[in-house]
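These protein sequence lines are chains S and H, in that order. In terms of UniProt numbering, the first sequence opens at residue 1 and continues consecutively. In terms of UniProt numbering, the second sequence opens at residue 1 and continues consecutively. Each residue gets a CB set at the ideal place from its N, CA and C atoms; glycine is no exception. Source: prediction; values computed, not measured.
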Amino acid sequence: MAPKRPTRKTQAFPDTSEGNVEQTEAERLSFLHLPRPFKNPRYTRPQSKKLRSTKQILAAERERERLRRETGTANKEAPTYITIEAAPSLLPQKRYCDITGLEAPYTDPQSKLRYHNKAVYEFIKSLPPGTSHECLAIRGQHSVIR
Amino acid sequence: MTDAGASGSASPFEPPVIPLSVPPSTPYIPVLTNYREVYYPDRVPIVIDNGATNFRAGFGTDKDPYIVVDNLMSKYRDRKTNTPVLLFGNELVDDATTRSNAKSPFDGDICVNPEGMETAFDWTFIKLGIDDEKVDHTVLMTERIASPLASRAFISELLFEAYDVPSVLYGPDGYFSMYANAPPSSSSMDGVVVSFNTQSTSMWPVLGGEAQMNQAKRIPFGGTQAIDLLLKFVQLKYPSFPTRVTSAQAAWIFQTCCEFTPGSLIEKVRELTDPLKLKQITKIVQFPFVAVAVQQLTEEELERQAEKRREAGRRLQETSARIRLEKLVEKENNLEYYTNLRDWRNREKRSSWLARLEDHGFETEAEFESTIRKLETSITAARRKEAGLEEPPAEEAIPTFPLLDRPDADLTEEELKEKRKQRLMKAGYDARMRARAEKEREGERKRQAEKEEEEERERDLKGWSDKLKREHEAVMDKIKDRKRKQAALSDRKSMAAQQRMRSIANLAADTPTGNKRRKRNQEDMFGADDEDWAIYRKVHGAEEDDDEEEDFARLESIENKLLAYDPGFDISLTFAARESQRSALLNAFRPIPAENNVAASYQLWLNTERIRVPETWFNPSIAGVDCAGVGEVLTGILRSFGEAERDRLIQNIHVTGGPSQLPGLPERLHYELAQSLPFGARLAIRPAKDARLDAWRGMAQFSRTEGLQECLTTREMYNEWGAERMKAWRGGNWTGAVGIDD
C-alpha cells in the first residue's frame, strides 16, 4: 500500500487572505464584487417558475394569440411572434446532390440520397454505413428512431 | 508559397490557399472616467443594441458604441479557491470552466434569460462609469421583431425597477439601420428592411417612416444556422480531418469564403459540372499544422547502415556454413563407423552379425545397407555444395522387379510376400513415370503455344494485342458481373435474391414444383442429371468463389503480357488502376492528398459549399427548413401593396446584419425581385454602410432628434400599463403597443 500523503491539511484550509493566493485570470476579471451604486438595493429578480424557457414563452404567446382571436376586440392586423413566420414555399424545389451540391437528377433508392452522376453514385456506395443518414439529416429527411 | 508555383506547371490552375486566422477577441474595456463631466449633466440617453451575437452599448452623443462585445455571460464558483466568479462579454477568459458555464441571454431567436440581461446591464453601467444612485438616463434598446411580450416584460421590469431609468424606447434593429442609412429628411423614409440576424431573417416594409408590422415576415434561418450547416458539410466532406473544426473557425470560414450566387444557383451549378470551373471557384483553407521533421540521413550514415547490414548477412552465412560443416563431419564419422561395422559381416557368424546389427538399432540387413547408401549420397551432395557445384538431378535408377515375372507356384512363402511388395512398388513407379511424361508433354505444349504466340505477335502485333485486349475486357466484364451479382444478393428485393429464396423454398417443400421435367414423372429423380446439383451453388449465394481467383490470375497474366509488348497499353489501363480511378469531378471537388503531404492533409477544399450555404437563405429546404426563401417572401410582401406604394418601397430595399456582408447579396436580391416586377421598375438594393454598427448608430442618431420625447415609454406609463406594454411609435413593434395591440 502506498504511504499516505499528508497533504490534506493544506487543502482543507485554503488560504483566502489576499496576496497569498495567486488570482486566476477569471478572478481578476470578475466584476461580481464591483460596486453598483446605480442599482436599487431592494430589487430582487422575481424567481417565478413561469416564463423561464423559450417553450413557455412561446406557449404564452400562442395563448395570447388565441385569446385575441376569440374575443375579437383587438386589432386583427397586429402580428405576434408566431404569426409572422413565413409560410412554406410554393415554388418548385430544386434538387441538389447531397454529396457535391451539384444538380441532382437521380436518387439512390437504397439510401435515398440525391446524386449528380455515376461517379458520385459509386462514391455513395463506398460510404461507411450511417454517413448517408447524416447527409439526409442535413435536409431534415432522415427518419428519427426513438 | 514556392512549391505551389512548381506544382502549377503540372496542372493549369491551383485554387488559392487561405491560412486560417481566427481573430483574437477585443481587448479589455476600461471603465469610462469622464461620465460626470460629459454625459451626466445632459443625461445623455444610453443606447443598447442587444443582439443575439453581439452586445453594443454606449451614449447617444458618441459616434460609435463604447462597448462592442459578445453577448455572453459566465457565472460559476472557482473550484480551487472557492470564490464566485462573474464574467461578461469579451472578458470571458478562454478556459474550460468559463466556456462550459457560458450563457447567452438569448435562446435561439428570443431573449429569455433575465439573469443574463441583468448581468449585461450591470456590466454595461459599470463600464460606462455610472456612479449616481440610479441610472438617470433614457435607455434606447433593440428588441426582436414582434418580440414575445414576456421578453419585453422582464427587460422593462429590470430597467424600471432595478436601475430606475426615467424612460425607454424599444425598436427593431433593422429599422434603426435603415434610419442610419436614410437621407437626412428621414420623415419620408420608404423601403423594405431585410435584416439578417443571428438566428433568423426578418423583413418588413416601412412607408413614410412608419413600420408596417402587419406585413412583417420572419424566416427561421440565420447566421448561426448557416455556420452550423457549413460545419456539417465540412465534417461530412472530411470525415477524418486531423483536427476538430470548432464553430468559431467555421464562423471565420463562413465570413471569409462564402458568397451569395448573384443569379440562379441551379444555372451556376450546371456550369460547375466542368471540373476546371469547379476548381476555379475553390478556396483552400489551410489549418495550422506541425510539420513532422523527416530525418535526412547523410551519405556516410547510409553507407554505414548498408555496411552493417552486409556484415550481419556475412555473419549469418558464416554461421550456417559452420553448421553445415559440422553436420558433414558428423555424417562422415557415422559413415566411417558403419563401414567399419560392415567389416564384421565377413568376420563372424551370420546370427551374431544380425544380433550386432540389432544392437545398433537395425532390424534387417537391408535397412542397414539403405542407411549407409543414404549417408553416402547426402555426403556427396554436401561436398558438392561446399565446392559450389549445382546438384545434378538425382537420376532415379530404374528399379527391377525380378519376382514379378516368375509364377507364384515357383515361389516360397517369403518370396510371395516380396512379390506382392514388388507389385505395389512397380505400380507406384509406373504411375510416377506416366505423370512425368505427362508433365513433359504439357511443358512441350506450353512452349509450343508460347512460341506460336510469339510468332503471331511478331507477325501482327496489332492483331495480337487486339485479341488480348478483347480477352482482357471479357475477363473484366466477368469480374464486374460477379460483383454486381453479389451486390444484388445483398439486396433483399433484387431479382437474384428472390430467385434464391424461391430455390430454398422449393428445396424445402415436400412436393417440389417448378421444374417441368420433375413434374412429368412422379419419382424423385434428383441427381440423375448432374445439373441438379447446381441448385446448391445457387442457394449458397457466393457462387464461383474459386472461379474468381482464376479470373484474377488470368487477368494478371494478360496484363503482364500487354504491358511487356504493347506500347499502347500502360499501367493506367489495368483493372486495378481503373477500379481505383476517381472521376475528375470528384477529384476537383475533394482531392485526396498525397500520403506524405502533411500540409495538404490539413487543408479544406471548399467549392460548392461556398455558394451552397448562403443559398439556404433563398432556398431554406437545403437545410431542411420548410419555409419560403428571402426572395419569395419579399415578393409576397411587395405584392400586397398597390402599384404606387410598391414603387416607393422597391427604391430602398435595405439589407443589414452580419451575413448581409457576404458578397453577391445585392445582385442576388435584384435577380429575385426583378422577376416579379414590371420591366424598368426602379428597383434599388441598398446594403447598410456598416452592417455591424449601423443599427446602433441609427439608434444614437434617433436619440438626438427632437421627436424622441413623444416616442418614449415613461415610468408613469410603465406603472399604469404594466411591464409588457409600451407606447406605440412609428418604427416600433406593434405587439403590446398601446393603441394598436390592446
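Determine the chain S residues that contact residue i at a beta-carbon separation under 8 angstroms, and present them in chain order.
i                      : result
H:W123                 : F31
H:S147                 : Y81
H:T586                 : Residue identity check: residue 586 of chain H is Leu in the sequence provided, not Thr. T100, A119, V120, F123, listed in chain order.
residue 749 of chain H : As shown, chain H starts at 1 and ends at 742. That puts residue 749 of chain H outside it, with no answer to give.
H:K385                 : The contacting residues do not exist; H:K385 stays about 54 angstroms from chain S at best.
H:L229                 : I138
residue 770 of chain H : Past the boundaries of the shown model lies residue 770 of chain H; chain H is included only from 1 to 742, so the question cannot be answered.
H:P84                  : S30, L32
Residue i versus chain H: which residues are under 8 angstroms apart at the beta carbon?
i      : result
S:Y43  : E161, A162
S:P37  : I130, D131, D132, E133
S:R139 : S621, I622, A623, G624
S:Y115 : Residues of chain H passing the Cβ test: none, with the nearest at roughly 11 angstroms.
Assuming residue i contacts residue j (C-beta within less than 8 angstroms), just tell me the rounded distance between them.
i                      : j      : result
H:P614                 : H:E259 : 6 angstroms
H:I504                 : H:I284 : With a Cβ gap of about 54 angstroms, H:I504 and H:I284 do not count as contacting.
H:R686                 : H:F618 : So it is not a contact: roughly 19 angstroms between Cβ atoms.
H:A291                 : H:V85  : That pair is no contact at about 39 angstroms.
H:A146                 : H:A216 : 6 angstroms
H:H472                 : H:L563 : H:H472 to H:L563, Cβ: 11 angstroms. No contact.
H:V192                 : H:P172 : Going by Cβ atoms, the distance from H:V192 to H:P172 rounds to 13 angstroms, so no, they are not a contact pair.
H:Q651                 : H:A684 : 5 angstroms
H:V38                  : H:G60  : Not confirmed; about 12 angstroms, so no contact.
H:F254                 : H:P620 : The Cβ separation is near 17 angstroms, so there is no contact.
H:K127                 : S:F38  : Rounded, the Cβ-Cβ distance is 12 angstroms, inconsistent with contact.
residue 756 of chain H : H:L649 : With chain H covering 1 to 742 only, the question about residue 756 of chain H has no answer from this structure.
List the residues of chain S whose Cβ lies closer than 7 angstroms to the Cβ of residue i, in chain order.
i      : result
H:E632 : S89, L91
H:R87  : Residue identity differs from the one stated: residue 87 of chain H is Leu in this sequence, not Arg. By Cβ distance, chain S contributes A26, L29, S30.
H:E645 : By Cβ distance, chain S contributes nothing, its closest Cβ being about 16 angstroms from H:E645, past 7 angstroms.
H:G629 : S89
H:S583 : A119
H:E118 : R45
H:L673 : Here the premise fails: no neighbours, minimum Cβ distance about 14 angstroms.
H:I266 : K94, E103
Excluding sequence positions up to five away, which residues of its chain have a Cβ less than 8 angstroms from the Cβ of residue i?
i      : result
S:R64  : T80
S:N40  : none
S:T131 : none
Given that residue i touches chain H, what residues does it touch there, using C-beta distances under 9 angstroms?
i     : result
S:K53 : It should be noted that the sequence gives Ser, not Lys, for residue 53 of chain S. The contacting residues are D107, V112.
Leaving out the 5 sequence neighbours to the left and right, which residues in its chain are closer than 7 angstroms to residue i when beta-carbon positions are compared?
i      : result
H:A496 : K485, A488, L489
S:T100 : H116, V120
Anything in chain S within Cβ reach of residue i, meaning under 9 angstroms, just list it in chain order.
i                      : result
H:D42                  : Per Cβ cutoff of 9 angstroms: no residues; H:D42 is ~17 angstroms from chain S at best.
H:V234                 : Those do not exist, as H:V234 stays about 12 angstroms from chain S at its closest Cβ, beyond 9 angstroms.
residue 744 of chain H : Since the first residue of chain H shown is 1 and the last is 742, residue 744 of chain H is not available in this structure.
H:D95                  : T24, E25, A26
H:R612                 : Y96, G101
Excluding the 5 residues preceding and the 5 following residue i in the sequence, name in chain order all residues of the same chain whose CB lies nearer than 6 angstroms to its CB.
i      : result
H:R682 : Q651
H:S177 : T656, A688, D694, A695, G698
H:I219 : T201, C627
H:Q199 : A52, G108, D109, G222, T224
H:C111 : P105, S151
H:T635 : S676
H:R590 : K237, W605
H:F368 : L357, F362
H:P663 : E259
Closer than 7 angstroms by beta-carbon distance: list the chain H residues that pair up with residue i, in chain order.
i      : result
S:Y106 : Neighbours of S:Y106 on chain H: none; closest Cβ ~14 angstroms, over 7 angstroms.
S:L34  : I126
Continuous beta strand (DSSP E) assignments of at least 3 residues falling wholly in the stretch 39-80 of chain H: 46-50, 54-59, 67-70, 73-77
query: For the stretch 61-93 of chain S, which residues have a beta carbon sitting closer than 8 angstroms to at least one beta carbon of chain H?
result: Hits within the stretch, in order: E61, R64, T73, A74, N75, E77, A78, P79, T80, Y81, T83, I84, E85, A86, A87, P88, S89, L90, L91, Q93.
Every unbroken alpha helix (DSSP H) within the stretch 395-429 of chain H, with a cutoff of 4 residues, ordered by chain: none
Secondary structure, alpha helix (DSSP H): runs of 4+ residues fully inside the stretch 650-674 of chain H: 665-674
query: Along the chain, which unbroken stretches of the beta strand (DSSP E) at least 3 residues long are found entirely within the stretch 129-168 of chain H?
result: Complete beta strand (DSSP E) runs here, min 3: 139-142.
task: Could you run through the stretch 205-220 of chain H and flag, in chain order, every residue whose CB is less than 7 angstroms away from some CB of chain S?
output: M213, N214, A216, K217, R218, I219, P220
message: My parser needs the alpha helix (DSSP H) runs of 4 or more residues fully inside the stretch 535-590 of chain H; what are they?
response: 545-565, 575-580, 584-589
message: To test your reading of the DSSP string, which unbroken alpha helix (DSSP H) runs of 4 or more residues are found completely within the stretch 426-453 of chain H?
response: none
message: Just to confirm the assignment: which complete beta strand (DSSP E) runs, minimum length 3, are found wholly within the stretch 594-621 of chain H?
response: 603-606
- prompt: Which runs of the alpha helix (DSSP H) fall wholly inside the stretch 311-365 of chain H and span at least 4 residues, in chain order?
  reply: 350-359
- request: Taking a Cβ distance cut-off of 7 angstroms, strictly less, list which residues of the stretch 53-76 of chain H are near chain S, in chain order.
  value: none
- prompt: Can you list, in chain order, the residues of the stretch 269-287 of chain H whose Cβ is nearer than 9 angstroms to any Cβ on chain S?
  reply: V269, R270, L272, T273, L278
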